[in-house]
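Heads up, the thing below is written out as structure tokens.
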Amino acid sequence: MESITKNRQPAEKLRAMVSRAYGPHQLPADSGQWFSELSHGLFNAVYRIRLRSGKQVVLKVAPAPEVEVMTYERGTMATELTALQLIAEHTKVPVPAVHFADRTHELCDADYFFMSYVEADNLNAVRNKLTQAQIDAYDLALGSITRELNSLHGELFGPLTGPGETTWRATFLRMIEELLGDGERRDVDLGCAYDRIRAILSAHADSLDEVTEPHFVAWDLWPGNCMVRDGEIVAIVDHERAFYGDPLMEFGFAGHELSAFGDPAVFLSGYGHTSLRPGERVRRRLYNLHLLIVQIIETEYRQHQDTGQYDWAREHLRTAVHLFDEPIR
């Protein structure tokens, strides 16, 4: 999908970045197709580059500084680099290896980094070609991977790079208030009143106090960020939205309270958390509000020409809001 946040670079700039990262001896030949843009990402510009040695690597470039992004998207490349380091050093979850990162803005107007290229398929791109048994196997594995990531602990709630807060209630309420502020600043129509969302948060904020330990939360861990080969998930990519918080915010749990996100049963089995207590269900309903509002508001900031995502999320936000009128059974 097209987005104004994608900070595309000309070939000569890419060559300079390659030289800084790998040395002049790895500069690709001037002729030939030595780079191509990878289109699965929705936020950063991402390139596959073939070095002179023939080795393929991936370059990821953050949005240009003059492009306004949502509040939680500021500094996301630093978050991703921190997340990749934590995952690589403290888990067995497969992630690309970071080769070089440059935040000086000397060659490029934004942060960028190089990492290993994973020869595999994007799970979301091939999902409609799979049998149900294959899909279930991947969902089971994704549940297990998510649980392992959530086993990482932080000292405070909030961004991986800080600053943090001592309570999850304060962190989540700040996150969603920043989000609502982003929407109000651009006059984004959510399909329901902003004050209605705030009233729901106020009425159910006590449920957030059940979360007392900060866990690593990938948050954006959906099939579109899974690379698969020969029936296995061989890499998890795009970690720029990770934070320390409540594991129930992971995408795999979303369908438990809103069927539009799919049946979570196999994921839950892989995770080892097959049922949610009443307080957990309330929190998941709050997290679905957050997720859907993100999906609505980002279409304005990224200036999507296709209204499909906006329309879908707006419709289901109304459903998610109405759920708070129903008791938890």
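Just so we're aligned, residue 1 is where the sequence shown starts under UniProt numbering, counting upward by one. Glycine included, C-beta positions come from ideal geometry on N, C-alpha and C.
C-beta contact flag for residue i and residue j at 9 Å
i, j, result
"Leu323", "Tyr244", "no"
"Phe297", "Gly191", "Note on residue identity: the sequence assigns Ile, not Phe, to residue 297. Against a cut-off of 9 Å, the Cβ pair of Gly191 and Ile297 comes out as no contact."
"Ala83", "Glu240", "yes"
"Thr5", "Phe43", "yes"
"Glu37", "Ala45", "yes"
"Ala97", "Ser116", "yes"
"Ala101", "Phe113", "yes"
"Ala137", "Gly231", "yes"
"Ile197", "Val321", "yes"
"Leu292", "Ala313", "yes"
"Arg8", "Leu27", "no"
"Met227", "His290", "no"
"His105", "Leu152", "no"
"Leu303", "Ser3", "The sequence given here has Gln at residue 303, not Leu. Yes, they are a contact pair."
"Asn288", "Ala242", "no"
"Leu149", "Val294", "no"
"residue 394", "Val234", "Because the chain in this structure spans residues 1 to 329, residue 394 falls outside the shown range and cannot be described."
Between the CA atoms of residue j and residue i - distance to the nearest angstrom
i, j, result
"His25", "Ser19", "8 Å"
"Glu326", "Leu51", "58 Å"
"Glu300", "Glu119", "33 Å"
"Glu68", "Arg329", "43 Å"
"Ile236", "Glu12", "30 Å"
"Tyr22", "Leu107", "14 Å"
"Glu73", "Lys92", "27 Å"
"Asn225", "Asp238", "6 Å"
"Tyr194", "Ser202", "13 Å"
"Lys60", "Tyr47", "7 Å"
"Val217", "Thr79", "12 Å"
"His259", "Pro10", "Reading off the sequence shown, one finds Ser at residue 259, where the question assumed His. Each residue's alpha carbon lies about 43 Å from the other."
"Asp109", "Gly75", "14 Å"
"Ile200", "Phe251", "21 Å"
"His99", "Thr319", "44 Å"
"Pro247", "Pro278", "16 Å"
"Gly308", "Lys55", "38 Å"
"Asp311", "Gly162", "34 Å"
"Val211", "Leu81", "26 Å"
"Gln305", "Arg174", "30 Å"
Assigned secondary structure, residue i (DSSP; H/G/I helix, E/B strand, else coil)
i, result
"Pro278", "helix"
"Asn44", "coil"
"Leu86", "helix"
"Gly162", "coil"
"Asp311", "helix"
"Met227", "strand"
"Met175", "helix"
"Tyr117", "coil"
"Ile49", "strand"
"Leu142", "helix"
"Ile4", "coil"
"Leu14", "helix"
"Val61", "strand"
"Ser39", "coil"
"Gly245", "strand"
"Glu232", "strand"
"Gln134", "helix"
"Ala101", "strand"
"Gln56", "strand"
"His273", "coil"
"Val211", "coil"
"His25", "helix"
"His316", "helix"
"Val126", "helix"
"Val217", "strand"
"His322", "helix"
Contacting residues, own chain, Cβ-Cβ under 6 Å from residue i (five flanking each side not counted)
i, result
"Phe157", "Gly164, Glu165, Trp168, Thr171, Pro214, Tyr244 and Gly245"
"His40", "Asn122"
"Met77", "Ala62 and Asp111"
"Gly154", "Pro214 and Tyr244"
"Arg229", "Ala120"
"Arg103", "Asp111"
Same chain only: Cβ atoms within 7 Å of residue i, ignoring 5 sequence neighbours per side
i, result
"Arg147", "Tyr271 and Gly272"
"Arg127", "Ile135 and Pro223"
"Met17", "Leu59, Leu107, Cys108 and Tyr112"
"Trp34", "Pro28, Ile49 and Arg50"
"residue 341", "Nothing can be reported for residue 341: it is not among the residues displayed for the chain, which extend from 1 to 329."
"Thr274", "Leu268"
8 Å CB neighbourhood of residue i in its chain, flanking five on each side removed
i, result
"His256", "Pro264, Leu268, Leu276, Arg281 and Arg284"
"Ala64", "Asn7, Asp109 and Ala110"
"Leu317", "Leu190, Gly191, Cys192, Leu289, Leu292, Ile293 and Ile296"
"Leu221", "Leu142, Ile145, Thr146, Leu149, Ile236, Glu250, Phe251 and Gly252"
"Leu86", "Leu152, Leu160 and Phe216"
"Leu130", "Tyr138"
Residue i Cβ short of 8 Å to the ligand NAP heavy atom set
i, result
"His256", "In the structure shown, the ligand NAP is absent, as is every other ligand, since no ligand is present at all."
- State whether the segment 178 to 189 contacts the segment 140 to 155, with contact taken as three or more CB pairs (one from each stretch) at a distance under 8 Å. Segments in contact, no.
ask   = Below 8 Å, can you find three or more Cβ-Cβ pairs linking the segment 199 to 214 to the segment 275 to 288?
value = With contact defined as three or more Cβ pairs closer than 8 Å, the segment 199 to 214 and the segment 275 to 288 are in contact.
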